[in-house]
Amino acid sequence: MSAPNRIELQKNRNAKIDWSSAGILIILAAMIILFGIMNPKFFTPKNLGNILRQISIVGICAVGMTAVILTGGIDLSVGSVIGITAVSGAMMLSSGMPIPIAIVLVILIGATAGGFNAFCVNIFGIPPLITTLGSMTALRGLIYVITGGKSVYGIPASFKFIGQGDIFIIPVSAIIMVIVFILGYVILNNTVFGRRIYGIGGNFEAARLSGIKVKLELAKVYIYAGMLSAIAGLVLMSKVNSGQPSAGDGYEMDIITAVVLGGVSVSGGEGKLIKVIIGVVFMGVLANGMMMLNIGEFQQRLVKGLVLIFAVALDIVSKNYSDTRGKKIRHTGKPVADSGCKE
Amino acid sequence: MDCENILELRGITKIYPGVIALDTVSLKFKPGSVHAIVGENGAGKSTFIKIITGAIHPDQGELFFQGEYIRHNSPENAIELGISAIYQELNLLPHLSVAENIFYNRYKTRGGLIDFKDLEKRSAQIIDKLGVNIDPCTLVKNLSIGYQQLVEIAKSLSKNVKVLIMDEPSATLTDTELKYVFRIVEKLKQEGVAIIYISHRLEEIFEICDEVTVFRDGRLVDTCLVKDTDKESLIKRMVNRPVSSIFPKVKFKRGEKVLEVKNVCTKLLDTISFNAYRGERLGFAGLIGAGRTEVVRALFGADPIESGEIFLKGKKVTIKNPSDAIKLGIALIPEDRKLQGALLHLSVGKNISIVNLKNLAGFFGIIRQKEEAESIGEYIKELRIKTPSTRQLVKNLSGGNQQKVVLAKWLLVDSDIIIFDEPTRGIDVGAKQEIYALINALAEAGKVIILISSEMPELIGMSDRILVMAEGRITGELETAEATQEKIMHLSSI
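First to last, the protein sequences are chains A and B. Count along the first sequence from 1, then add 1489; that gives the number in the numbering used here. Count along the second sequence from 1, then add 735; that gives the number in the numbering used here.
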């Protein structure tokens, strides 16, 4: 029983080049150069400000989405949560409610929506994909029910500052996004909550056996994501100065794509919020550039859908590649039960 | 064509990282004969079967079927040849009918549609041949496990089976169901099918088998006719190994009683009662499926307890989930390192601190990084975990070092009762020794140690007292001084 020792190879590759994020950075750079050449207005400060404003909403939600996807889940309802919070916020403000109270209430609405998602996932065991597909549609329906399909106007001018104002030349909404990113970063990397998120997504059973109350933590994650969506909803409402029933429609697409482009594994447990910034900028530049080149809405959809598939494919391919050189763990959810010498 | 042996394996070797699963095994199987394969857990039986069915490829060795060399055995190829296996975990589609299961993916069609009439007719013929009474239209989920196994046999028969492998068929069957299966085995034998029968229950082998082969540590020890041997000599050949000197001879002072388990029942456990003491290493012996892991999982709150009581230091406690158990000072190093123990995609450091995070965090749950790094570093040093840095991902470490990471995570919380479930499975001898030393150090420090191991020398060498389990019950208790592998084998193969 002594010979086989040497067969056990110890591989310690530390400084592996991260090809997938390097690839995305290269594509992003190429895109920026291309758009800049094709339309000189692309590099004007005004347009760069526009890009920042555009990405702030996706960026804020991407922080919550990153946490959800890290647990191995997904939140399709994010766009509808943006919508319901934008509309209900607009209704509160137009009825003369003080701004701070309205903000708190709107964030509570977002938390409730997240709590509902978590409830369905935890109590009934409905997969997050289906739960949030349902709540996405139901919430959008609710928006149309409470507004009767009409836009909500009459927001006080002082609220415009959030979505339209600048501090020096930097849009306020972008500053909010940066603050959310910093908070999100600290939460994921420096708090107990963040560590548990990675643990649950990485190995649910091992996390449970480590004493983590997995359902409680999952509930917190969905509520956290819901609250961030509410903040995004407020920014959007302020930006368009009204509560549009269609607000946030289709945003889940951009947000999820940004997170996956940022290298967060769709099977959970792996990913860095820092890199998600790349994904968010990527999506913002892509949308802005296509708009400046007068590419139509239909073509834009075509491109965005393909980008999502490309991002996921990149994630899976790069991981399969690194795995064939390491241990036998498959990345489609469960690790393969093949521990070698088991009888 | 030489038809005396339907299947022959020559010099089969299979190596896994850290262990030789099969070491130049050669074996022949005759048609119309029931050939038993016996051996301890980890002796290489399953690997052997998987090689026959083409599920895995041997690193060396050759397969011959009816005298013909098989170049590349694959599952499809094996089925084509008439090699069929029935595993403990049945491969049936519960929501489909018996007939559909028997002919799954081999339906006859008429005009592009499945011909259900023909399907039922042919299924009925096969079921008749088995001499049982099952309606081919019943859904499989409505049958008992025993009948489901018969459907598996029917499935094999429909493929014109020549070699039928039965992996622990009796493990999940009641006695009457087993009688039925035996009758069918007898029938198949008469039709010239070669049957490979794997079982931990030695009585069965004397009941229905003709030949028996003993495996030990990946080697073939002996093949003989069943009528020429008896249970005693089989057991002797299965376990005949000296308890090597790698286990330090130590005996610690047995302290106060810490844990008392009283009449605990779960889905898989039947009135389990035992005590554990400070400074004592309590071993659990038994075959896979005997319920050892289930006992510790119930104790740890990982599986629900249906009835019974648990006392800690004389006080009755309720353990509903692992988090409760941890608060009460219980730690579990689980059986499957990769599935239950380590967080493979996280770094060494994050793995080690995950259980103890709360104590390392302050305001708003923000982790005190410096303190965390210090305690992680301390345990990496103490356990001599070989890793280039605390940031290395656990999946890149060797098995032994992964296990040490899992151990470190539990040492960090300083538990009272530490449960080791197969702590040395699949790791090399050097790392094993270090883990033994650690277990002994913990016992010496007055911890309660509970140890589960399928390696009998390890269990005998590392326990002060051994409880033997079989079929969800505790069947005996042995002091180490009187424990021998033969005695344990007897108690665990009742």
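We treat Cβ as the ideally placed atom computed from N, Cα and C, and that holds for glycine.
Distances from the alpha-carbon of V769(B) to those of N808(B), A889(B), C959(B) put C959(B) closest. One thing to note: G953(B) has its Cβ within 8 Å of the Cβ of A778(B). Here S1188(B) really is in contact with E1157(B); their C-beta atoms are around 6 Å apart, less than 8 Å.
In the three-state scheme derived from DSSP, where H, G and I count as helix and E and B as strand, V1755(A) is classed as coil. For A1695(A), a Cβ of chain B is located within less than 8 Å of the residue's own Cβ. For I1007(B), the closest C-alpha among the options G1024(B), G1161(B), V1031(B) is that of V1031(B). Along the region 1697 to 1743 of chain A, the alpha helix (DSSP H) occurs as fully enclosed runs of 4 or more residues at 1703 to 1729, listed in sequence order. Contact annotation for Q795(B) against chain A: no contact, minimum CB-CB distance about 14 Å [criterion: below 9 Å].
Here Y1012(B) carries a strand assignment [DSSP, helix/strand/coil].
Counted as a single uninterrupted DSSP element, the alpha helix (DSSP H) harbouring E1107(B) occupies residues 1104 to 1117. Across the structure, R1027(B) and I1152(B) are spaced so that their CA atoms are roughly 16 Å apart. Not a single CB atom of chain A sits nearer than 8 Å to the CB of L742(B). Proximity of R1629(A) to chain B, defined by a Cβ-Cβ separation below 8 Å, is not satisfied. Proximity of P1057(B) to chain A, defined by a Cβ-Cβ separation below 8 Å, is satisfied. At least one beta carbon of chain A lies nearer than 8 Å to the beta carbon of P1069(B).
For N1692(A), at least one C-beta of chain B is nearer than 8 Å to its own C-beta. Around A1218(B), the same chain offers I1195, I1201 as residues with beta carbons nearer than 6 Å, after the five sequence neighbours per side are excluded.
Neighbours of F1682(A) across chain B, judged by C-beta separation under 8 Å: G1100.
Closer than 7 Å at the C-beta level to chain A, one finds these residues of the region 1067 to 1092 of chain B: L1067, P1069, D1071, K1073, L1074, Q1075, G1076, A1077, L1078, L1079, H1080, L1081, K1085, I1089, V1090, L1092. Cβ-Cβ distances below 7 Å link K1709(A) to F1682 in the same chain, with the five nearest sequence neighbours on each side left out; the list follows chain order. In summary, G990(B) is exposed, with fewer than 16 beta-carbon neighbours lying within 10 Å of its beta-carbon over all protein chains present. Of all residues in the region 1730 to 1763 of chain A, the ones placed with a Cβ closer than 7 Å to any Cβ belonging to chain B are G1758, E1759, in chain order. Of the residues Y882(B), Y932(B), K1093(B), the one whose Cα lies closest to the Cα of D902(B) is Y932(B). The alpha-carbon of V947(B) is positioned some 20 Å away from that of L798(B). For H1225(B), the secondary structure class from DSSP, reduced to helix, strand or coil, is helix.
A residue is called buried when at least 16 other Cβ atoms come within 10 angstroms of its Cβ; F1098(B) does not meet this threshold and is exposed.
Remark: C-beta atoms of V886(B) and I837(B) approach each other more closely than 8 Å. Along the length of the region 757 to 807 of chain B, whole beta strand (DSSP E) runs at least 3 residues long occupy 769 to 773, 795 to 800, 803 to 805, reported in chain order. For the region 1668 to 1680 of chain A, the beta-carbon criterion of a distance under 9 Å to any beta-carbon of chain B is satisfied by V1675, I1676, N1678, N1679, T1680.
Per DSSP, reduced to three states, the secondary structure at Y751(B) is strand.
Beta-bridge pairing by DSSP links L744(B) to L762(B), L798(B).
Put simply, the CB of I943(B) is far from chain A, with every gap to its CB atoms at 8 Å or more. Along the region 905 to 962 of chain B, the beta strand (DSSP E) occurs as fully enclosed runs of 3 or more residues at 929 to 933, 946 to 951, 954 to 960, listed in sequence order. With respect to chain A, the C-beta atom of I1111(B) has no partner C-beta closer than 8 Å.
When Cβ-Cβ separations below 8 Å define contact, A813(B) makes no contact with chain A. If you look at F1046(B), you'll find it isn't in any alpha helix (DSSP H); it sits in the beta strand (DSSP E) that goes 1042 to 1047.
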